[in-house]
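The structure under discussion appears below in the form of structure tokens.
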Amino acid sequence: EKTVKRCLLDTFKHTDEEFLKQASSQKPAWKDGSTATCVLAVDNILYIANLGDSRAILCRYNEESQKHAALSLSKEHNPTQYEERMRIQKAGGNVRDGRVLGVLEVSRSIGDGQYKRCGVTSVPDIRRCQLTPNDRFILLACDGLFKVFTPEEAVNFILSCLEVRHLTRGWWLSQLCLSFQRSRSPETPFPPIVEQPLCPFSV
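Note that the numbering used here has the sequence shown beginning at 4, numbered continuously upward.
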């Protein structure tokens, strides 16, 4: 387990260093950055590494309630969180309007070189989750999805698509666009789904 965690930490560190090297060699230098979430499956154990506000959601079926639950496997990193804000302030940065230096919405990222000296780090949060026979799928997505869908709505949408296996990729994309549009209207609510706060994992 220690080896797995070390590999994930080294991968994020190396990716950040290589991107920053490439970014600084451009004229003008790139100022881009990205959040990141990845899942490594080792037998029936999931290792989830993430930084920023991308998320990993596990769909698990509850036999007692006969409903599917959306389990959060990752921790979001934003500068309004106490520990994140303290790290930024200790590095000489500040948080204004919920953003690093009043600009960056996340407190950890790949790239964003101009904010690295302000405490924005590429060190991911790493968590461990035991898979069960009732687990259906894992959803990895950035904040753009979750600004429109709740985790429960996203899981419910995917479940509805999986029920019809012969559908084409084009149909999936069209339905996703329609769901984004409809989710803005209270007249087309999604069916209810049970939300559970966190999958039982260890750090």
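C-beta atoms are modelled at their ideal positions from N, C-alpha and C, and glycine is treated no differently.
Quick check on this structure: which residue in G36, L23 and N53 has the alpha carbon closest to the alpha carbon of I129?
Position 126 of the sequence shown, counted from the first residue, corresponds to residue 129. Answer by Cα proximity: N53.
On a CA-only basis, which of D19, N137, S112 and G147 is nearest G55? Give me that one, please.
Within the sequence shown, numbered from 1, the residue matching residue 55 stands at position 52. Nearest of D19, N137, S112 and G147 to G55, Cα basis: S112.
Residue nearest to V123 in terms of C-alpha spacing, selected from S68, L104, L49 and Q69:
By one-based count along the sequence shown, residue 123 stands at place 120. Check the Cα spacing between V123 and each of S68, L104, L49 and Q69: the tightest is with L104.
Helix, strand or coil for C164, going by three-state DSSP, please let me know.
For this step, residue 164 is matched to residue 161 along the sequence shown. If DSSP states are grouped into helix, strand and coil, C164 belongs with the helices.
What are the partner residues of C41, as DSSP defines its beta bridges?
As a position in the sequence shown, residue 41 is number 38, starting the count at 1. In the DSSP output, where bridge partners are listed per residue, C41 has A52.
In this structure, does DSSP put C26 in helix, strand or coil?
Translated into the one-based positions of the sequence shown, residue 26 becomes position 23. Looking at the sequence provided, one finds Ala at residue 26 rather than Cys. The DSSP-derived three-state label of A26 is helix.
Endpoints, the alpha helix (DSSP H) within which Q92 is located:
If you number the sequence shown from 1, residue 92 lands on position 89. Its alpha helix (DSSP H) spans residues Y85 to K93.
Assuming K16 contacts S125 under a Cβ cut-off of 8 Å, what Cβ separation, rounded to an integer in Å, is found between them?
Walking along the sequence shown from the start, residue 16 turns up at place 13. Walking along the sequence shown from the start, residue 125 turns up at place 122. Sure, about 6 Å apart at Cβ, within 8 Å.
The alpha helix (DSSP H) that contains L148, what's its start and end?
Taking the first residue of the sequence shown as position 1, residue 148 is located at position 145. That run of the alpha helix (DSSP H) goes D146 to F149.
Since P154 contacts I60 with CB under 8 Å, what's their CB separation in whole angstroms?
Counting from 1 along the sequence shown, the entry for residue 154 is found at position 151. Counting from 1 along the sequence shown, the entry for residue 60 is found at position 57. So it is a contact: roughly 5 Å between Cβ atoms.
Quick check on this structure: which residue in A144, R139 and C132 has the alpha carbon closest to the alpha carbon of A44?
As a first step, residue 44 must be located in the sequence shown, where it is residue number 41. Minimum Cα distance to A44 is reached at C132.
Given C145, which residues of its chain have a CB within under 7 Å of its CB, disregarding the five upstream and five downstream residues?
In the sequence shown, the residue the question calls residue 145 occupies position 142. Short of 7 Å from the beta carbon of C145, and not among the five residues preceding or following it, lie these beta carbons of its own chain, in chain order: T38 and S57.
Please state if the CB of A73 and the CB of V158 are separated by a distance shorter than 7 Å.
Position 155 of the sequence shown holds residue 158. Position 70 of the sequence shown holds residue 73. It is a contact, given that the beta carbons lie within the stated cut-off.
Through-space distance from E20 to S208, alpha-carbon basis:
Residue 208 lies beyond the residue range present for the chain, which begins at 4 and ends at 206; the question has no answer from this structure.
How far does the beta strand (DSSP E) with N65 in it reach, from first residue to last?
For the purposes of this step, residue 65 is taken as the residue at position 62 of the sequence shown. Where N65 is concerned, the enclosing beta strand (DSSP E) stretches over R58 to N65.
Should E156 go down as buried or exposed, given a rule of 16 or more other Cβ atoms within 10 Å for buried?
Taking the first residue of the sequence shown as 1, we reach residue 156 at position 153. The residue is buried, with at least 16 neighbouring Cβ atoms inside 10 Å.
Can you check which of these residues, K150, P127, C121 and L76, is closest to C10 by C-alpha distance?
For the purposes of this step, residue 10 is identified with residue 7 of the sequence shown, where counting begins at 1. C10 has its Cα closest to that of P127, out of K150, P127, C121 and L76.
Report back the beta-carbon spacing between V98 and P82 to the nearest angstrom; my notes put them in contact at under 8 Å.
Counting from 1 along the sequence shown, the entry for residue 98 is found at position 95. Counting from 1 along the sequence shown, the entry for residue 82 is found at position 79. Correct: roughly 4 Å between the Cβ atoms.
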